[in-house]
Amino acid sequence: MSLREETLARYIEPLREGGSLPALAEASDGFKYVVKLKGAGHGAKSLVAELVGGLVAKAFKFKVPELVFLDLSHLFGITEPDREIQDLLRKSEGKNLGLHFLEGAFTFDPAVNEIDSLTASKIVWLDAFLENVDRSRQNPNMMIWQRELWLIDHGASLYFHHSGRDAAEAALDPFPYIRNHALLPKADRLEEADKLMRQAITPRTLSKIVDQIPDEWLIEEGIEKSPKEIKEDYKLFLTKRLANSNIFTQQAIYERGQGPYVSPLRGTWV
């Protein structure tokens, strides 16, 4: 479960197609990584989401690029001429997150590439569980590499932590945004996927995943909670959401147009 830790050695280029302006860089181990920088966009919260989302996906046996902690020194990228990039790198000194670069991979297109309905249902379930709003038809965030399907970019998961909502309350969110999921039209085995996914992970595993979050990513000006308390919130969210997975599963079934949404809280509606 523990991640390797490397030092960023060479800045290659910005990946401007990413909303958080990630970078392509080489680390001290000689490998290239897509680097998610804590100084960008939503800050360290997007790194938390990337880390937790990626490790949860791995725990479910999905293919995910290796996640590595990457240390960024004040000298990294010093020759980069773009002032915006320079500012971003300065704000990101310290521990960041890297995903092994899948050289030669190409984007999975659900309209062209085949996928079986159970796998599609499991991926839809995963993203509803994580509240991942960023696997849409326009931006599927799935790649084909070495003839296998890989899931990338979980930085938009756990979106409740941007709103300040209570973790226990947020865990019961039916997640209507699943209607935009790239694989929802192919996900016709959601109830079966729900049973299989619930059996494939335990609260203990989820707790261990959350414990991987570096404390420095959880220190924010104006936030009185300690890193330990914030980690407990993430653990509560994930374990309670797992225990109540029927809520978001039924929402996904409803969004597919397969039947009425059966809410444990409000009854049945069409």
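If you read the sequence shown in this note's numbering, its first letter stands for residue 1, the second for the next number, and so on. Every residue gets a Cβ at the ideal spot worked out from N, C-alpha and C, and that includes glycine.
Keeping to the same chain, check which residues put their C-beta closer than 8 Å to that of residue i; ignore five residues upstream and five downstream.
| i | result |
| --- | --- |
| K36 | S20, P22, S46, L47, E50, N96, L97, G98, L99 and G155 |
| E80 | Y11, Q86 and L89 |
Can you list, in chain order, the residues of its chain with a C-beta nearer than 6 Å to that of residue i? Leave out the 5 residues immediately preceding and following it.
| i | result |
| --- | --- |
| A59 | I201 and T205 |
| Y177 | V133 |
| E255 | I178 and R179 |
| E66 | H100 |
| V210 | K231, Y234 and K235 |
| P227 | D215 and L218 |
| D29 | E6 |
| L265 | Unreliable positioning characterises L265 in this predicted model, as indicated by a pLDDT of 48, which lies under 50. The coordinate reading is nonetheless provided below. Nothing listed; no residue qualifies. |
Measure from the alpha carbon of residue i to the alpha carbon of each residue in the options, then state which is nearest.
| i | options | result |
| --- | --- | --- |
| I213 | D233, Q199 and E84 | D233 |
| S92 | I230, L102, A40 and M142 | A40 |
| F106 | Q86, Q146 and L126 | Q146 |
| E220 | D166, H161 and K186 | H161 |
| V52 | K32, D166 and Y159 | Y159 |
| F108 | G94, D127, D82 and R135 | R135 |
| I85 | Q250, S226, L184 and E13 | E13 |
| L184 | F248, S226, L55 and V210 | F248 |
| V196 | N246, G164, P174 and D82 | Residue 196 is actually Leu in this sequence, not Val. Among N246, G164, P174 and D82, the Cα nearest to that of L196 belongs to N246. |
| P174 | K38, Q250, K225 and R165 | Q250 |
| L15 | D153, K225, R137 and K228 | D153 |
| G273 | K225, G30, G257 and K38 | Since the first residue shown for the chain is 1 and the last is 270, residue 273 is missing from the structure and cannot be characterised. |
| A44 | S157, Q199 and G257 | S157 |
| R72 | R137, K38 and N139 | Per the sequence shown, the amino acid found at residue 72 is Leu instead of Arg. L72 has its Cα closest to that of K38, out of R137, K38 and N139. |
Give the C-beta separation of residue i and residue j to the nearest angstrom, bearing in mind that I take them to be a contact with Cβ-Cβ under 8 Å.
| i | j | result |
| --- | --- | --- |
| L151 | F62 | 5 Å |
| V68 | L149 | Actually they are not in contact, since the Cβ atoms of V68 and L149 sit about 21 Å apart, beyond 8 Å. |
| I230 | L218 | 5 Å |
| K122 | A57 | K122 to A57, Cβ: 10 Å. No contact. |
| A187 | A252 | 7 Å |
| S127 | H181 | The sequence given here has Asp at residue 127, not Ser. Going by Cβ atoms, the distance from D127 to H181 rounds to 6 Å, so yes, they are a contact pair. |
Tell whether a beta-carbon distance below 9 Å holds between residue i and residue j.
| i | j | result |
| --- | --- | --- |
| L190 | V124 | yes |
| L102 | M142 | no |
| A27 | L70 | yes |
| E169 | G94 | no |
Beta-carbon within less than 7 Å of residue i's beta-carbon, same chain only, minus the 5 sequence neighbours each way: which residues are those?
| i | result |
| --- | --- |
| N244 | A171 and L172 |
| Y33 | A25, A27, V68, L70, G98, L99, H100 and F101 |
| S207 | K235 |
| G54 | V64, L67 and H154 |
Is the CB of residue i under 9 Å away from at least one CB in chain C?
| i | result |
| --- | --- |
| E26 | The structure shown has no chain C; it contains just one protein chain. |
The segment 233 to 242 contacting the segment 104 to 122, beta-carbon criterion three pairs below 8 Å: no
Contact the segment 66 to 83 vs the segment 1 to 11: 3+ CB pairs below 8 Å: yes
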